[in-house]
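Novice: I'd like to ask you about the structure that follows.
In my numbering, the protein residues as written are 1 to 231.
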């Protein structure tokens, strides 16, 4: 198994996209605050709901938003859908160390071509490799970057999750997983963000530790805000 110990950083194109969206939102907010009669006034003149209707519509949207958030929390909390951080290069070029893939644990029946995350006996880590064949209940896997198949003797009960694929390609978030590898800076990694990168690692570790508490507080806070808006 080869391992590329370099951190390439964040693609500047992503930053440009985010900056562009942020600037558009700022521009719209500026128009709203200034009560631009040409744009905002024209839109407002076409839609003037009565106060009671507006209040009812707002409450309905609030509850719809809450239900969507709650469902997302349940799905993520039960790990029906969850991110998986990649810590090796065994699946290059599909994904590599420091990337993050999205996996699901609802349907675990393996098929040839699936990328499965499975438990390896006598090892303290999981493996995410591609299924190349299934023989009499034994699942044969292989890393795309390896010339040889695995000898893990994987069984269906060892499967923890399957990568979500679109057009036979897994959903991959490039480089983002590096922020969640606590020992990333201790492996000779080359990265260009210095102390800021270490700070992000520490922040992500804190978020993971307090994630449940923060989620509960956020949901309760949202309910309180909805109740206030009813008044």
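Note that the Cβ used here is the ideal one computed from N, Cα and C, for glycine as well. Please read these numbers as outputs of a predicted model, since none were measured by experiment.
1) Using DSSP's beta-bridge definition, name the partner residues of residue 169.
2) For my contact list, residue 91 and residue 177 are in at a C-beta cut-off of 8 Å; report their separation, rounded to the angstrom.
3) Comparing alpha-carbon positions, which option in 86, 119 and 129 lies nearest residue 98?
4) Using DSSP with H/G/I as helix, E/B as strand and the rest coil, what is residue 175?
5) With burial defined as no fewer than 16 other Cβ atoms inside 10 Å of the residue's Cβ, what is the status of residue 80: buried or exposed?
6) Just verifying my parser: in three-state terms, what is the DSSP assignment at residue 85?
7) Determine whether the beta carbon atoms of residue 156 and residue 115 lie at a separation below 7 Å.
8) My assumption, with CB atoms under 8 Å, is that residue 134 sits in contact with residue 112. Please give the rounded CB distance.
9) Provide the residue span of the beta strand (DSSP E) that contains residue 141, from first to last.
10) Can you have a look at residue 65 and say buried or exposed, based on whether 16 or more other CB atoms are within 10 angstroms of its CB?
11) Taking residue 117 as part of the beta strand (DSSP E), name the residues at either end of that continuous run.
12) Using beta-carbon positions only, say whether residue 142 and residue 150 come within less than 7 Å of one another.
13) Relative to the alpha-carbon of residue 108, which residue among 88, 123 and 164 has its alpha-carbon at the smallest distance?
14) Suppose the cutoff is 8 Å on Cβ atoms and the five residues either side in sequence are ignored; what does the same chain contact list for residue 117 look like?
Specialist: According to the structure data:
1) 166
2) Contact flag wrong, Cβ pair sits at about 12 Å.
3) 86
4) coil
5) exposed
6) strand
7) no
8) 7 Å
9) 138 to 142
10) exposed
11) 115 to 119
12) yes
13) 164
14) 84, 103, 126, 127, 128, 159, 160, 161, 162 and 163
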